[in-house]
Amino acid sequence: MEKRIDALVKRQRAYFTKGRTKDVNFRLAALRRLRDGIRRREKQIAAALYADLHKSSYESYMTEIGITLDEIDFLLKHTKKYAKTKRVPASLSQVPARCTIRKDPYGVTLIMAPWNYPFLLSLEPAAGAIAAGNCCIIKPSAYAPAVSCVIKELIEELFSPGYVAVVEGGREENTLLLEQKWDYIFFTGSVSVGKLVMKKAAEHLTPVTLELGGKSPCIVEKDADLNLAAKRIVFGKFLNSGQTCVAPDYCLVQEDVRERFLALLVKWIRRFWGENPLDHKDYPRMVNEKHYSRVMCLIRGENVVTGGRGRKATLQIAPTVLRDVSADAPVMQEEIFGPVLPVLTYRTLSEAEAFVKARPKPLALYLFTKNRKTVCRVTGRLSYGGGCVNDTILHLASSRMGFGGVGESGMGSYHGKRSFDTFTHEKSIVEKPLRPDVPLRYPPYTKGKEKLLHRVLN
Numbered sequence: 001m002e003k004r005i006d007a008l009v010k011r012q013r014a015y016f017t018k019g020r021t022k023d024v025n026f027r028l029a030a031l032r033r034l035r036d037g038i039r040r041r042e043k044q045i046a047a048a049l050y051a052d053l054h055k056s057s058y059e060s061y062m063t064e065i066g067i068t069l070d071e072i073d074f075l076l077k078h079t080k081k082y083a084k085t086k087r088v089p090a091s092l093s094q095v096p097a098r099c100t101i102r103k104d105p106y107g108v109t110l111i112m113a114p115w116n117y118p119f120l121l122s123l124e125p126a127a128g129a130i131a132a133g134n135c136c137i138i139k140p141s142a143y144a145p146a147v148s149c150v151i152k153e154l155i156e157e158l159f160s161p162g163y164v165a166v167v168e169g170g171r172e173e174n175t176l177l178l179e180q181k182w183d184y185i186f187f188t189g190s191v192s193v194g195k196l197v198m199k200k201a202a203e204h205l206t207p208v209t210l211e212l213g214g215k216s217p218c219i220v221e222k223d224a225d226l227n228l229a230a231k232r233i234v235f236g237k238f239l240n241s242g243q244t245c246v247a248p249d250y251c252l253v254q255e256d257v258r259e260r261f262l263a264l265l266v267k268w269i270r271r272f273w274g275e276n277p278l279d280h281k282d283y284p285r286m287v288n289e290k291h292y293s294r295v296m297c298l299i300r301g302e303n304v305v306t307g308g309r310g311r312k313a314t315l316q317i318a319p320t321v322l323r324d325v326s327a328d329a330p331v332m333q334e335e336i337f338g339p340v341l342p343v344l345t346y347r348t349l350s351e352a353e354a355f356v357k358a359r360p361k362p363l364a365l366y367l368f369t370k371n372r373k374t375v376c377r378v379t380g381r382l383s384y385g386g387g388c389v390n391d392t393i394l395h396l397a398s399s400r401m402g403f404g405g406v407g408e409s410g411m412g413s414y415h416g417k418r419s420f421d422t423f424t425h426e427k428s429i430v431e432k433p434l435r436p437d438v439p440l441r442y443p444p445y446t447k448g449k450e451k452l453l454h455r456v457l458n
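What the sequence shown shows, in full-length UniProt numbering, is residues 1 to 458, in sequence order.
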């Protein structure tokens, strides 16, 4: 395997050196092939997502296939504009000169994808790498083997391995890939693995984008539309059985409305999946037994409002709401990444803000309120990757807005233009005419020159 990966990386370097990927029309043709290939295989992709995560065809299209196609269409419309060399004004110290910013691809890139949205988070960043003119190797997650296989078949049908390729496998393959020298690494996954990726990238001074996670809070003020808040929180939390990096990880609810809010959460869980969610045909499952057992352990000993049950045979855990949760409880120490929602209370907004600030910066934050001043206050005072006011999840569903973390939840962003920019080096170039050759910068440095210098640069 080591020799195969080494040979593949060398092959991509040789391919990139030929310069074909720098042609914008070449990139657009590649994006069109990718889009059309995905459309032809929609049913196969949906079947693979069902096999790996028990996702319905509706949820598969809504959260993975459709978003990927939308991103590719956006890049097809805008890549020519993004790739153009940009003329900028010369500063006074540069005059006369022609100043430009040239958009160059990095070269050979590595995209490491997670298992929770295995199709979307493999091919959405890959589309950005292709649009920017790079070669890329995609490493899907071994925890989603059916989707990994479909991605490999798709890419091998569409592209030369010297241009775009897929490496399947688990930890061994991940380790071998990270030993290679890359021009850019794009990683989506856990904080612990993200630290390892960054450490290995540092050995070669390779730039990285890290899309990580964390405990994303959901603040519910007493003036919120509680029924709508509960409905949208239930949607965002239990989508993909809670295995979403930006899912609300816990709720902070103003104590005056806690009981009503808890009742509404239960109401919407039953409206969406019935009295027995584990029997619902569209309810997803945990990806494997390890994660099923981990999440079930987090529930143990907590005060369960609804749910709390699992079915090991199908790896499903019922949508679970917990109340009276201690800030020191195990369920509050790590990202849950499962269908469990702890509900904590606060008295004043300052308390809620202090609670969030005392913890690592989250990937997302959600606020439910009707008060515009509260919106301005919370969004201005708290640091987080991105989020929504009076909704959940939807901030990542647009090619016109960047998506990424901050602090412990990640670095860098992508989607739309930011995907293009992420995989692009902006090269600044100053072209000077041979004449005139202004003597001000050359020695000897006289007092007269110094006075003139101050005038020029002030």
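Heads up, the beta-carbon is just placed ideally off N, CA and C, and yes, glycines get one too.
Just so you know, these numbers come straight off a predicted model, no measurement behind them.
How long is the line joining the alpha carbons of Arg27 and His204, rounded to whole angstroms?
Their backbone Cα atoms lie some 27 Å apart in a straight line.
Taking 7 Å as the line, does the beta carbon of Asn303 fall inside it for any heavy atom of the ligand ZN?
What this structure holds is no ligand at all, so the ligand ZN is not there to describe.
Under 8 Å by Cβ, that's how I've got Thr188 and Ala113 pegged, so tell me the actual separation to the nearest angstrom.
With a Cβ gap of about 6 Å, Thr188 and Ala113 count as contacting.
Quick one, which of Tyr82, Cys135, Val24 and His54 has its alpha-carbon nearest Phe420's?
For the residues Tyr82, Cys135, Val24 and His54, the minimum Cα distance to Phe420 belongs to Tyr82.
What is the residue span of the beta strand (DSSP E) that Asp104 lies within?
Asp104 -> beta strand (DSSP E) spans Arg98 to Pro105.
Could you please give the first and the last residue of the uninterrupted alpha helix (DSSP H) stretch that includes His78?
Segment Gly66 to Ala83, the alpha helix (DSSP H) holding His78.
Return the CA-CA distance between Gly301 and Leu228, expressed in angstroms with no decimal places.
Cα to Cα, the separation comes out at about 30 Å.
Pull up the distance between the alpha-carbon of Lys222 and that of Ile45, whole angstroms please.
Roughly 43 Å between the two C-alpha positions.
So Leu365 and Ser190 are supposed to be a Cβ contact under 8 Å. How far apart are they, rounded?
In fact, because the Cβ distance is near 19 Å, the residues do not count as touching under 8 Å.
Rounded to a whole number of angstroms, what is the C-alpha to C-alpha distance between Lys447 and Gln94?
Cα-Cα distance, rounded: 21 Å.
Determine, using beta carbons only, whether Glu353 and Arg381 come nearer to each other than 8 Å.
Against a cut-off of 8 Å, the Cβ pair of Arg381 and Glu353 comes out as a contact.
Just to confirm before moving on: does the CB-CB distance between Gly338 and Ser241 stay below 8 Å?
Yes, Cβ-Cβ distance for Gly338 and Ser241 is below 8 Å.
Please list the terminal residues of the continuous beta strand (DSSP E) segment that includes Phe187.
That run of the beta strand (DSSP E) goes Tyr184 to Thr188.
Output needed for Gly407: all residues of its chain with C-beta closer than 8 Å, excluding positions within five of it in sequence on either side, in chain order.
These residues qualify, in order along the chain: Pro360, Lys361 and Ser383.
Beta strand (DSSP E) containing Ala165: first to last residue?
First-last of the beta strand (DSSP E) with Ala165: Val164 to Val166.
For the pair the segment 229-240 and the segment 264-271, tell me if three or more CB-CB distances fall below 8 Å.
Touching, yes.
Measure the C-alpha to C-alpha separation of Arg33 and Ile151 and round it to an integer number of angstroms.
So the two alpha carbons sit approximately 14 Å from each other.
Going along the chain, which residues of its own chain have a beta-carbon closer than 8 Å to the beta-carbon of Leu8, five neighbours each way excluded?
Contacts found: Ile137, Pro161, Ala165 and Val167.
Could you check which residue in Asn134, Gly387 and Leu110 has the C-alpha nearest to that of Pro140?
Here the closest residue by C-alpha is Leu110.
Please classify Phe368: does DSSP put it in a helix, a strand, or coil?
Here Phe368 sits in strand by DSSP.
Could you give the DSSP three-state label for Arg311: helix, strand or coil?
Three-state DSSP puts Arg311 in a strand.
Could you spell out where the alpha helix (DSSP H) holding Tyr414 opens and where it closes?
Per DSSP, Tyr414 belongs to no alpha helix (DSSP H) and is neither H nor E.
Going by beta-carbon coordinates alone, are Tyr106 and Asp183 separated by less than 8 Å?
Against a cut-off of 8 Å, the Cβ pair of Asp183 and Tyr106 comes out as a contact.
Cα separation between Ser122 and Lys103?
Going by the C-alpha atoms only, they are around 24 Å apart.
Using a Cβ-Cβ cut-off of 8 Å (strictly less than) and excluding sequence neighbours within five positions of Thr68, which residues of its own chain qualify?
Only Ile38, Phe119, Leu120, Leu123, Glu124 and Ala127 meet the Cβ criterion.
Figure out for me which residue from Asp73, Ile72, Glu71 and Glu42 has the closest Cα to the Cα of Tyr58.
The residue with the shortest Cα to Cα distance from Tyr58 is Glu42.
What separation, rounded to the nearest whole angstrom, lies between the Cα atoms of Ile72 and Leu31?
So the two alpha carbons sit approximately 7 Å from each other.
Sorted by chain position, which residues of the same chain lie with C-beta nearer than 8 Å to Pro96's C-beta, five sequence neighbours on each side aside?
Within the same chain, Pro96 has close Cβ partners Ala90, Lys432, Pro433 and Pro436.
With distances taken Cα to Cα, identify the nearest neighbour of Gly412 among Val305, Gly194 and Thr63.
Checked all of Val305, Gly194 and Thr63; the closest Cα to Gly412 is Gly194.
Counting only runs of 3+ residues fully inside the segment 176-253, write out the beta strand (DSSP E) ranges in chain order.
If we require 3 residues or more, the beta strand (DSSP E) runs fully inside the segment 176-253 come out as 184-188, 208-211 and 217-220.
Per DSSP, what kind of secondary structure is Leu92 in: helix, strand or coil?
In this structure, Leu92 counts as coil in the three-state DSSP scheme.
How is Gln316 classed by DSSP in three states: helix, strand or coil?
Gln316: strand per DSSP, three-state reduction.
Nearest by alpha-carbon distance to Thr85: which of Cys376, Ala51, Ala132 and Thr379 is it?
When only C-alpha atoms are compared, the closest one is Ala132.
Give every residue of the same chain whose Cβ lies closer than 6 Å to the Cβ of Cys99, excluding the five residues on either side of it in the sequence, and list them in chain order.
Cβ neighbours of Cys99 beyond the five flanking positions: Val88, Ala90 and Val430.
I'd like to check one pair, Leu92 with Val438: are the Cβ atoms closer than 8 Å?
Not in contact: Val438 and Leu92 (Cβ atoms no closer than 8 Å).
Between Met1 and Leu176, how many whole angstroms is the CB-CB distance? I'm expecting something under 8 Å.
About 6 Å; that satisfies the 8 Å criterion.
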